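Participant: Have a look at this one.
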Amino acid sequence: MRRGETRGKERGPGLMAQLRDPPGGRDARIMLLALAVDRTGSGLWAASSVLYLTFVTHLSAQQIGVLLGVAGVAGIAGSPLAGRLAGRFPVRSLLVGCHLLRLVTLVLVLVCTGFDALLPVVAVTYLGDRAAKTLEMLFATRAAGERRAAYQALSRSAANAGYGVGAGIAAIGLAVGTTGAYRVLILGNALSFVVAAVLVWRTGEPSGSAVEVARSGGAAPAARGEGKGVVRGGGPWRDRGYLKFVLLDIPMNLDDSILAVGLPLWLVNRTSAPHALVPAFLVINTVLVVVLQLSVSKRAEGPRRAARAVLLYGVLMLACCGFLAVATRGGAWAAGAVLLAAALLVTLAELMRSVSSWELAVLLAPQDARAAYLGVAGMSQSIQKSAGPPLLTGVVMAAGPAGWLVLGAAVAGLAVVQSRACARRLGLGPARAGPPSPPSET
6 MRRGETRGKE
16 RGPGLMAQLR
26 DPPGGRDARI
36 MLLALAVDRT
46 GSGLWAASSV
56 LYLTFVTHLS
66 AQQIGVLLGV
76 AGVAGIAGSP
86 LAGRLAGRFP
96 VRSLLVGCHL
106 LRLVTLVLVL
116 VCTGFDALLP
126 VVAVTYLGDR
136 AAKTLEMLFA
146 TRAAGERRAA
156 YQALSRSAAN
166 AGYGVGAGIA
176 AIGLAVGTTG
186 AYRVLILGNA
196 LSFVVAAVLV
206 WRTGEPSGSA
216 VEVARSGGAA
226 PAARGEGKGV
236 VRGGGPWRDR
246 GYLKFVLLDI
256 PMNLDDSILA
266 VGLPLWLVNR
276 TSAPHALVPA
286 FLVINTVLVV
296 VLQLSVSKRA
306 EGPRRAARAV
316 LLYGVLMLAC
326 CGFLAVATRG
336 GAWAAGAVLL
346 AAALLVTLAE
356 LMRSVSSWEL
366 AVLLAPQDAR
376 AAYLGVAGMS
386 QSIQKSAGPP
396 LLTGVVMAAG
406 PAGWLVLGAA
416 VAGLAVVQSR
426 ACARRLGLGP
436 ARAGPPSPPS
446 ET
């Protein structure tokens, strides 16, 4: 009995129990619900937007590519803009504003029919989307405090569950396939912003200095207790060490493009695996993130574990790319099994990256300037979303299996550089790739 009780305590409460009582209390619980509602709408949009633009607004494939590409570039500006504004205005009010902004732009999407009109509307939608994600990060940093990694894991589980629900609902509308069905799906996404805005408004402003960031002049003391080597160098844009972290974090997000673009296209164009496996990649990803994110996040709590998790990310990505390289050999079922294993590996890599990247972005930022720093850190995901797909389709897959091997080796090498750079900045000494016993965290 005692041994079982000890194991239970080590594991801690389960996912549902922590969702009912998350780090940050009532406000965090409401914010998690708002995030799940928001991502449900995002699932509707992601599953239906291309088909809506094709069959309802009658845009060509080239126009849709330009439209989404420009929107992705606009989204890059959303993170630093949100970080700067969060240093001057309440995070809660800004997040409500982002939801309402996207509500307006999606309604405009329904009434705009031409490419020229849709371009700025969709671009502003993506800008608001990236800004909202950065503000959610800031809310978690302030509300959850030292337990931010656990909150981040809960938010990932809630977000993926919502995204899966949205994609499932969208499948019904897509099966109907009428113009009215497509419009209902877009309206459903707009409705999610209304509900999310109402929920966010019910929370309180998370504790923390009202003007935490944004100003680049003047010296400030280093953050205490989290990375003794962190110093402020006149704001994030003048902090070379932090900018190096953000730059290296771009390839640390390539798992997103590999899952969404690389795996499906590689299966269809270069392997004999059955095409029906493509939806299984997303199913594996969604289910594992919902189920495992909380337990995996424990590997990235604190500065030492976060730096080591980056190394594990590199190993998992190298293995994933190796599986993709050999998927061209063998019959259909062998190729399918290899690709499913690659999907599993890239999902495990995503689980490690989603927590370690965010934890390090917080730890490496001066405590009095986190909003602006986290706004800059959020750019890495946006840049990867714009640059990742062209890199995979135009360079990696064009080079064949060797391209995947080179990509895996490059990401693994950059992971080592990133981990060591973070360890030095945090005053931890070089991170080791082995599995030593967990050190005591301070």
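All you need for the working numbering is the position in the sequence shown, starting with 1, plus 5. Even glycine gets a Cβ: it sits at the ideal position worked out from N, Cα and C. In this text the structure is predicted, and so the values were computed from the model without any measurement.
Taking the straight line between their C-alpha atoms, what separation do you get for Leu72 and Gly432?
Facilitator: Approximately 44 Å between the Cα atoms of the pair.
Participant: Check whether the region 114-130 touches the region 258-273, taking contact to mean three or more Cβ pairs, one atom from each stretch, closer than 8 Å.
Facilitator: Because the criterion of three Cβ pairs below 8 Å is not met, the region 114-130 and the region 258-273 do not touch.
Participant: Quick one: what's got a C-beta closer than 7 Å to Ser277's C-beta in the same chain, skipping five residues either side?
Facilitator: Same-chain partners within the cutoff: Gly336, Ala337, Ala340.
Participant: Under the rule that 16 or more other beta-carbon atoms within 10 Å means buried, what is Gln471, buried or exposed?
Facilitator: This structure leaves residue 471 out entirely; the chain is present only between 6 and 447.
Participant: To the nearest angstrom, how far is it from the Cα of Arg358 to the Cα of Met322?
Facilitator: If you take the alpha carbons of Arg358 and Met322, they lie about 11 Å apart.
Participant: When the distance is taken between beta carbons, is Gly178 closer than 8 Å to Ser53?
Facilitator: In this structure, Gly178 lies closer than 8 Å to Ser53 by Cβ.
Participant: Let me check understanding here. Comparing Cα to Cα, which of Asp373, Ala172, Ala417 lies closest to Thr291?
Facilitator: It is Ala172 whose Cα lies nearest to the Cα of Thr291.
Participant: To the nearest angstrom, how far is it from the Cα of Gly70 to the Cα of Asp26?
Facilitator: Computed Cα separation, rounded: 43 Å.
Participant: Nearest by alpha-carbon distance to Leu369: which of Leu270, Ala311, Leu349, Ala404 is it?
Facilitator: With distances taken between Cα atoms, Leu369 lies closest to Ala311.
Participant: Going by the CB atoms, is the gap between Val381 and Gly30 shorter than 8 Å?
Facilitator: Their beta carbons are not under 8 Å apart, which means Gly30 does not touch Val381 by this criterion.
Participant: Taking one C-beta from the region 395-404 and one from the region 314-321 each time, how about it: are there three or more such pairs within less than 8 Å?
Facilitator: No, the region 395-404 does not touch the region 314-321.
Participant: Report the residue ranges of all beta strand (DSSP E) runs contained in full by the region 147-183; include only those spanning at least 3 residues, in chain order.
Facilitator: None, since the region 147-183 contains no complete beta strand (DSSP E) of that length.
Participant: Ala76 to Leu132, Cα distance in whole Å?
Facilitator: Approximately 7 Å, taken between the alpha carbons.
Participant: For a test of the three-state rule: what should DSSP assign to Val27, helix, strand or coil?
Facilitator: For the sequence presented, residue 27 should be read as Pro rather than Val. Note: Pro27 maps to coil in three-state DSSP.
Participant: Indicate whether Trp409 and Leu349 have their beta-carbon atoms separated by less than 8 Å.
Facilitator: Contact: no.
Participant: With respect to the alpha helix (DSSP H) encompassing Ile69, which residues constitute its N-terminal and C-terminal limits?
Facilitator: Residues 66-91.
Participant: Give the list of continuous alpha helix (DSSP H) stretches no shorter than 4 residues that lie fully inside the region 366-436.
Facilitator: Whole alpha helix (DSSP H) segments, 4+ residues: 375-382, 384-396, 406-430.
Participant: For Ala354, tell me which candidate among Arg375, Ile388, Met384, Arg313 has the shortest Cα-Cα distance.
Facilitator: Checked all of Arg375, Ile388, Met384, Arg313; the closest Cα to Ala354 is Arg313.
Participant: Does the distance from the CB of Ala41 to the CB of Ala155 come in under 8 Å?
Facilitator: No; because the gap between Cβ atoms is not below 8 Å, this pair is not in contact.
Participant: Any contact between the region 239-247 and the region 411-420? By contact I mean 3 or more CB pairs, one from each, below 8 Å.
Facilitator: The region 239-247, when compared against the region 411-420, does not touch it at the 8 Å Cβ threshold.
Participant: With respect to the alpha helix (DSSP H) encompassing Val283, which residues constitute its N-terminal and C-terminal limits?
Facilitator: Run containing Val283: 283-302, per the alpha helix (DSSP H) assignment.
Participant: Compare the C-alpha of Ala366 against each of Leu297, Val78, Thr146 and name the closest.
Facilitator: Out of Leu297, Val78, Thr146, Thr146 has the C-alpha closest to the C-alpha of Ala366.
Participant: Could you give the distance in angstroms between the alpha-carbon of Thr130 and the alpha-carbon of Val351?
Facilitator: Straight-line Cα distance between these residues: approximately 28 Å.
Participant: Residue range of the alpha helix (DSSP H) that Gly319 falls in?
Facilitator: Segment 308-331, the alpha helix (DSSP H) holding Gly319.
Participant: Just the C-alpha distance for Asn274 and Leu293, rounded to the nearest angstrom, thanks.
Facilitator: Their backbone Cα atoms lie some 27 Å apart in a straight line.
Participant: Which residue's Cα is closest to the Cα of Val200: Leu105, Pro241, Ala79?
Facilitator: Out of Leu105, Pro241, Ala79, Leu105 has the C-alpha closest to the C-alpha of Val200.
Participant: Rounded to whole angstroms, what is the Cα-Cα separation between Gly80 and Asp134?
Facilitator: Taking the straight line from one Cα to the other gives about 7 Å.
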